[in-house]
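Enquirer: Residues in the sequence shown are numbered consecutively from 3, following the working numbering.
Yeah, the Cβ is synthetic: ideal placement off N, Cα and C, and Gly gets one too.
All values reported here derive from a predicted model rather than from experimental measurement.
A single structure is presented below for examination.
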Amino acid sequence: MIFTTILLGLLPSFLMVILGGLLRNRLSENAWQGLDKLNFEILFPALIFVAASGRPIAVADVFRIAPAVWAILAAGMALGYLARRYGPERFLDFAGGWQTAWRFNTAMGFIAVAVLPGADLGILAVAVGMAIPMANLMAVTALSRGGSLGLGATLKKIAVNPFLLASVSGVLVGLSGLKIPVPVLAPVEMLSAAAIPVALISIGATMDWRALARLDRFSAILCGVKLIALPALTFAACAALSVEASLIGVLVVFAALPTASAAHVLAAGFGADRRLVATLIAQSTLLAALTLPIWIAVVMLAE
Numbered sequence: 003m004i005f006t007t008i009l010l011g012l013l014p015s016f017l018m019v020i021l022g023g024l025l026r027n028r029l030s031e032n033a034w035q036g037l038d039k040l041n042f043e044i045l046f047p048a049l050i051f052v053a054a055s056g057r058p059i060a061v062a063d064v065f066r067i068a069p070a071v072w073a074i075l076a077a078g079m080a081l082g083y084l085a086r087r088y089g090p091e092r093f094l095d096f097a098g099g100w101q102t103a104w105r106f107n108t109a110m111g112f113i114a115v116a117v118l119p120g121a122d123l124g125i126l127a128v129a130v131g132m133a134i135p136m137a138n139l140m141a142v143t144a145l146s147r148g149g150s151l152g153l154g155a156t157l158k159k160i161a162v163n164p165f166l167l168a169s170v171s172g173v174l175v176g177l178s179g180l181k182i183p184v185p186v187l188a189p190v191e192m193l194s195a196a197a198i199p200v201a202l203i204s205i206g207a208t209m210d211w212r213a214l215a216r217l218d219r220f221s222a223i224l225c226g227v228k229l230i231a232l233p234a235l236t237f238a239a240c241a242a243l244s245v246e247a248s249l250i251g252v253l254v255v256f257a258a259l260p261t262a263s264a265a266h267v268l269a270a271g272f273g274a275d276r277r278l279v280a281t282l283i284a285q286s287t288l289l290a291a292l293t294l295p296i297w298i299a300v301v302m303l304a305e
């Protein structure tokens, strides 16, 4: 039942990626790049803002959950660097792939956590709200440095990054408890609804459809870190620290999520190898169809 639920939850995303592959030759390379730019500047920032601001965030929850998710992201970044020697020679291209070791698919997170008995989606909302700014800060920093920018230029690019601005503003709204008027929020929600489908179609149009068959040491390390090492470390740490069961489930599922399709959008926005990142996303997503149900089962058996 658990495996069926997760696979059915992933199926729409798979179908959107397949659609992108079928449409690959219907648009020019410039058109696909323009689509990536639209997603980078407008659609995904809208999605990030809506996800972070959509639920009230208690200060106590922030101090309890934020350090845990930040530690998971930091572990992914550190372990993912082990793939450096096997990756692209240009650091910018490596940075585009490196970010897939710690970034996460928010939509799949809500699908997966909902499977857990007594699921608390509020905990996941706080985890996502705290993780998005940090994950993007780490990714933007790596990609900016990969572009051979100076310190000042790097800081400026981080400060004006649409993903980071949307994340920070969304968390602030959630902490404040303010309700954005419906007429103001409605257009943002409409834009956010388009972000994931557009990104998935673009991934399908640019990725290597022999993704799993072309799994090499570089991509195997990154996928292994994201789908196996991070949830295993998270589960072990939570057990050692006697963390409550409801929080363990959310943290382990969070750590086990496949990488975000936004990683492809962000990499394209900085000029990194977009096909490499699209392939890594495909590999991570396809492999997660096997690993994520296993981690959910581990959590349920441990309760």
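1) Hey, would you say leucine 253 sits closer than 7 Å to threonine 236, going by beta carbons?
2) Where does methionine 209 fall in DSSP's three states?
3) Give a yes or no on contact between the region 66-84 and the region 38-54, applying the rule of three or more CB pairs nearer than 8 Å.
4) Counting C-beta neighbours from all protein chains within 10 Å, is the total for valine 200 16 or more, i.e. buried, or is it exposed?
5) Decide if serine 244 is buried, meaning its Cβ has at least 16 other Cβ atoms within 10 Å, or exposed.
6) Quick check: what's the CA-CA separation for leucine 259 versus valine 130?
7) If glutamine 101 sits next to alanine 270, beta carbons under 8 Å apart, how far is it from one beta carbon to the other, in whole angstroms?
8) CB proline 135 to CB serine 169, shorter than 7 Å?
9) Are aspartate 38 and serine 286 close, meaning C-beta to C-beta below 7 Å?
10) Please determine, among Ile59, Phe220, Leu145 and Leu278, the residue with the shortest C-alpha to C-alpha distance to alanine 85.
11) Determine the closest residue to leucine 45 out of Ala242, Pro189 and Leu292, with distance taken between C-alpha atoms.
12) Leucine 94 and phenylalanine 272 look like a contact to me (Cβ under 8 Å); what is the Cβ gap, rounded to whole Å?
13) Short check: CB of alanine 68 to CB of methionine 132, under 7 Å?
14) Going along the chain, which unbroken runs of the alpha helix (DSSP H) with 4 or more residues stay wholly within the region 202-277?
15) Use the C-beta contact count for asparagine 27: other C-beta atoms within 10 angstroms, 16 or more gives buried, fewer gives exposed.
16) Identify, in the order they occur along the chain, each residue of the same chain with its Cβ nearer than 6 Å to the Cβ of alanine 213, setting aside the five sequence neighbours on each side.
17) Which value, in whole angstroms, describes the spacing of the CA atoms of isoleucine 20 and leucine 10?
18) Rounded to the nearest angstrom, what separates glutamate 43 and glutamate 305 at their Cα positions?
19) Answer yes or no: do leucine 174 and cysteine 225 have a C-beta to C-beta separation smaller than 7 Å?
Expert: Taking the structure as given:
1) Reading the sequence shown from its first residue, position 251 is the one you call residue 253. Reading the sequence shown from its first residue, position 234 is the one you call residue 236. Taking 7 Å as the Cβ cut-off, leucine 253 and threonine 236 qualify as a contacting pair.
2) Counting from 1 along the sequence shown, the entry for residue 209 is found at position 207. DSSP places methionine 209 in coil when its eight states are reduced to three.
3) no
4) Translated into the one-based positions of the sequence shown, residue 200 becomes position 198. So valine 200 ends up on the buried side.
5) In the sequence shown, the residue the question calls residue 244 occupies position 242. Label assigned to serine 244: exposed.
6) In the sequence shown, residue 259 corresponds to position 257, counting from 1. In the sequence shown, residue 130 corresponds to position 128, counting from 1. Going by C-alpha positions, leucine 259 is about 12 Å away from valine 130.
7) Here residue 101 refers to the residue found at position 99 of the sequence shown. Here residue 270 refers to the residue found at position 268 of the sequence shown. Contact doesn't hold; Cβ gap of about 12 Å is too wide.
8) Translated into positions along the sequence shown, residue 135 becomes position 133. Translated into positions along the sequence shown, residue 169 becomes position 167. In this structure, the beta-carbon distance from proline 135 to serine 169 falls below 7 Å.
9) The count along the sequence shown starts at 1 and reaches residue 38 at position 36. The count along the sequence shown starts at 1 and reaches residue 286 at position 284. In this structure, serine 286 does not lie closer than 7 Å to aspartate 38 by Cβ.
10) As a first step, residue 85 must be located in the sequence shown, where it is residue number 83. With distances taken between Cα atoms, alanine 85 lies closest to Phe220.
11) In the sequence shown, counting from the first residue as 1, residue 45 sits at position 43. Looking at Ala242, Pro189 and Leu292, the one whose alpha-carbon comes closest to that of leucine 45 is Pro189.
12) Your numbering for residue 94 matches position 92 in the sequence shown. Your numbering for residue 272 matches position 270 in the sequence shown. About 7 Å separates the two Cβ atoms, so the contact holds.
13) Here residue 68 corresponds to residue number 66 of the sequence shown, with the count starting at 1. Here residue 132 corresponds to residue number 130 of the sequence shown, with the count starting at 1. Yes; because the gap between Cβ atoms is below 7 Å, this pair is in contact.
14) The DSSP assignment places 219-226, 232-242, 247-258 and 264-272 as complete runs of the alpha helix (DSSP H) inside the region 202-277, in order along the chain (cut-off: 4 residues).
15) Here the question's residue 27 lines up with position 25 in the sequence shown. That one is exposed.
16) The residue given as residue 213 occupies position 211 in the sequence shown. Around alanine 213: Thr281, Ala284 and Gln285.
17) On the sequence shown, position 18 is the one that residue 20 refers to. On the sequence shown, position 8 is the one that residue 10 refers to. Computed Cα separation, rounded: 16 Å.
18) Working through the sequence shown from its first residue, we reach residue 43 at position 41. Working through the sequence shown from its first residue, we reach residue 305 at position 303. The straight-line gap from Cα to Cα measures roughly 42 Å.
19) One-based indexing of the sequence shown puts residue 174 at position 172. One-based indexing of the sequence shown puts residue 225 at position 223. Going by C-beta atoms, leucine 174 is not nearer than 7 Å to cysteine 225.
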